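Novice:
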Amino acid sequence: WAMIGYLTDRLAELDAQTAKLKPRKGRPPKNPHDNIDANRARALWRIAHVIGALTQKSPHDPRRGVKITTRQLIQLAKDVVPASEGLFEPYVTDTTIEQSVSRGRSILEIDDEWRSKVCEKEAGIFPQIT
């Protein structure tokens, strides 16, 4: 009986593994980090840390944070980021962009000093620990 129980358990495990391999029906799930809100916040995160690297005398560490407002970063981004990227178009109001960046900051877990473990992981700043 023990052998039959063992084989039954193994068969259930194999069924569960093959169910993962079967193609799923319907639309593929969306990546929450790949939308306009997150892309705008990610761009401002990069700009903030470039500014932080330029203003600090010691080597810049993204975990240290940068004290700059979202509005200041949006104005810089409108001057620096090309309009062809579609992130900071001149015809979109600053209020709309601020709201979008706010949503993106919550998605990417960016705090008030522009620190984010999610962005650091995406940028490959920290080595993968396994």
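Sequential numbering of the sequence shown, starting at 524, is according to this note's numbering. Idealized CB from N, CA, C, for every residue including glycine. On a predicted model such as this, the values are computed, not experimentally measured, just so you know.
(1) If we ignore side chains and look at the alpha-carbon of each, how far apart do G647 and R547 end up?
(2) Assuming I633 contacts S639 (C-beta within less than 8 Å), just tell me the rounded distance between them.
(3) Verify whether the separation of the beta carbon atoms of I570 and V603 is less than 9 Å.
(4) Between K553, K590, R563, I527, which lies nearest to A606 when the distance is taken from Cα to Cα?
(5) Could you work out which residue in I559, D532, E536, V589 is closest to R626 when comparing CA atoms only?
(6) At what residue ranges does the segment 545 to 596 contain a whole run of the beta strand (DSSP E), taking only runs of 3 or more?
Specialist: On the basis of the supplied data:
(1) Start at 1 with the first residue of the sequence shown, and residue 647 comes out as number 124. Start at 1 with the first residue of the sequence shown, and residue 547 comes out as number 24. Cα atoms of G647 and R547: separation of roughly 30 Å, rounded to the nearest angstrom.
(2) Within the sequence shown, the letter at position 110 stands for residue 633. Within the sequence shown, the letter at position 116 stands for residue 639. Contact flag correct, Cβ pair sits at about 4 Å.
(3) The residue you call residue 570 lines up with position 47 of the sequence shown. The residue you call residue 603 lines up with position 80 of the sequence shown. Yes; because the gap between Cβ atoms is below 9 Å, this pair is in contact.
(4) Residue mapping note: residue 606 aligns to position 83 of the sequence shown, counting from 1. Comparing Cα positions, the closest option is R563.
(5) Here residue 626 refers to the residue found at position 103 of the sequence shown. Sorting I559, D532, E536, V589 by C-alpha distance to the C-alpha of R626 places I559 at the top.
(6) Fully enclosed beta strand (DSSP E) runs of 3 or longer: not present.
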